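Protein chains in written order, with the working numbering: chain A, 1 to 174; chain B, 175 to 361.
Glycine included, C-beta positions come from ideal geometry on N, C-alpha and C.
Since we're looking at a predicted model, the values are computed, not measured.
Input: a single structure, listed below in structure tokens.
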């Protein structure tokens, strides 16, 4: 009995120790999405494929323009995606990744449908981008709030406003 | 979608580029094909895509996965075709530099490579028969007035202009005289 009790105590203590170590490591591990802008260049994260599975090239820029990510058509009719790495107040890695995902979904839509995109296309692309992001990382309500804030500020002014996109994002199905 | 906004601009830019290139290249047509003159090739033999924008600076870029290259041009920045073509050849020259485009470099190294791209670009333009006397004077004047970039990667205008002038010192015979004035380049 004494042996059993001592072994049980050892097991319990080791279990507690493992749990403590896991907790400490978990607390110390940085939030992937909240890292500063400097470590954001990674080809694994910023990949985008068109509807046939061909990779769409993603370019890093450092431009004065307001937009964070956009798609462009070259003279030989290829679609290029640009991500703007210029530091902006309050914009972190999460926002840039989300904006690129959203533009990627729009570009796929454009290549598949070959027509002018509408407000509904923008909204559907936003929902798909958020779902893709949630599949890739464990996102929280704070992340969601940050994306909504980003969309409101940088989400566009003409075809659709950032405010409209942010409003619609709340109604996306999970 | 930004891509859709760019389409009319792209079509107009293409038409203007081709017509201007045809006019400019006419004397050299016997030596060069149009495609060879106005197109840029990387050392690997690939042709960079051309993206025409109206709200970004010009630049030579490589995609993050390293598979594609692109030259971004902004015709709004310069009204004179000599300057536009010079910018194109400058960006093209970046691809032929050691290590190419998309490599992390120190600031002094980038400054040196910018001067090198200025030199190679203007020489390529002249060898292609696209540099006229008035165009050359205009380019020098515009480059002279440029300010040093805030990140200090691009040297100040006087430095760049002096560098370009030095590059073309022995190649003055490649600068085409203007049809009307028949002036020749004097140093």
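Less than 7 Å divides the Cβ of residue 72 of chain A from the Cβ of residue 225 of chain B. Among the residues of chain A, those whose CB is under 9 Å from the CB of residue 223 of chain B are 57, 74, 75, 76, 78 and 80, following chain order. Using a Cβ-Cβ cut-off of 7 Å, residue 237 of chain B counts as an interface residue toward chain A, since at least one Cβ of chain A sits closer than that to its own. Sorting A/49, A/46, A/75 and A/66 by C-alpha distance to the C-alpha of residue 222 of chain B places A/75 at the top. At a cut-off of 7 Å between beta carbons, residue 242 of chain B contacts chain A.
By the C-beta density criterion, residue 254 of chain B is exposed, having fewer than 16 other C-beta atoms within 10 angstroms. Under the Cβ distance rule, residue 63 of chain A counts among the residues neighbouring chain B, one pair being separated by less than 7 Å. Residue environment analysis places residue 138 of chain A among the exposed positions, since fewer than 16 neighbouring C-beta atoms fall within 10 angstroms of its C-beta. By the Cβ rule, the segment 341–353 of chain B does not count as touching the segment 82–101 of chain A, because fewer than three pairs are nearer than 8 Å. Nearest in C-alpha terms to residue 54 of chain A, of all of A/94, A/99, A/111 and A/61, is A/111. Proximity of chain B to residue 46 of chain A at the Cβ level (cut-off 7 Å) is accounted for by 238, in chain order. Among the CB atoms of chain A, one or more fall inside 7 Å of the CB of residue 229 of chain B. Going by DSSP, residue 236 of chain B is part of no alpha helix (DSSP H) but of the beta strand (DSSP E) stretching over 233–236.
For the segment 143–174 of chain A, the set of residues with a beta-carbon nearer than 8 Å to any beta-carbon of chain B comprises 159, in chain order. DSSP places residue 71 of chain A within a strand segment (E or B) once states are collapsed to three.
Per DSSP, residue 61 of chain A is one residue of the beta strand (DSSP E) stretching across 58–61. With a cutoff of 7 Å on beta-carbon distance, residue 294 of chain B and residue 236 of chain B are scored as not near each other. As for any beta strand (DSSP E) of minimum length 3 sitting wholly inside the segment 146–172 of chain A, there is none. Residues of the same chain with their beta carbon placed closer than 7 Å to that of residue 278 of chain B are lacking, with the five preceding and five following residues left out of the count.
Annotation: the continuous alpha helix (DSSP H) that includes residue 121 of chain A extends over 119–136. Cβ-Cβ distances below 7 Å link residue 334 of chain B to 289, 292, 317 and 320 in the same chain, with the five nearest sequence neighbours on each side left out; the list follows chain order.
Residue 343 of chain B has its alpha-carbon roughly 29 Å from the corresponding atom of residue 249 of chain B. The segment 48–63 of chain A and the segment 108–127 of chain A touch, with no fewer than 3 CB-CB distances between them shorter than 8 Å. Rounded to the nearest angstrom, the gap between the Cα atoms of residue 63 of chain A and residue 174 of chain A is 34 Å. For residue 102 of chain A, the secondary structure class from DSSP, reduced to helix, strand or coil, is helix. The continuous alpha helix (DSSP H) containing residue 264 of chain B extends over residues 255–269. The beta carbon of residue 59 of chain A is closer than 8 Å to those of 80, 81, 82 and 83 in its chain, skipping five residues each way along the sequence.
Shown here, residue 245 of chain B sits in a strand according to DSSP, grouped into three states. In the structure shown, residue 305 of chain B adopts coil according to DSSP, grouped into three states. Secondary structure note for residue 333 of chain B: its alpha helix (DSSP H) is the uninterrupted segment 331–341.
Collapsing the DSSP output to three states places residue 348 of chain B in a helix.
For the options B/338, B/328 and B/262, the alpha carbon positioned closest to that of residue 284 of chain B is the one of B/328. Pairing residue 259 of chain B with residue 304 of chain B gives a Cβ-Cβ distance under 7 Å.
Counting along the chain, the unbroken beta strand (DSSP E) around residue 79 of chain A starts and ends at 79–84. Beta bridge pairing from DSSP links residue 225 of chain B with B/246.
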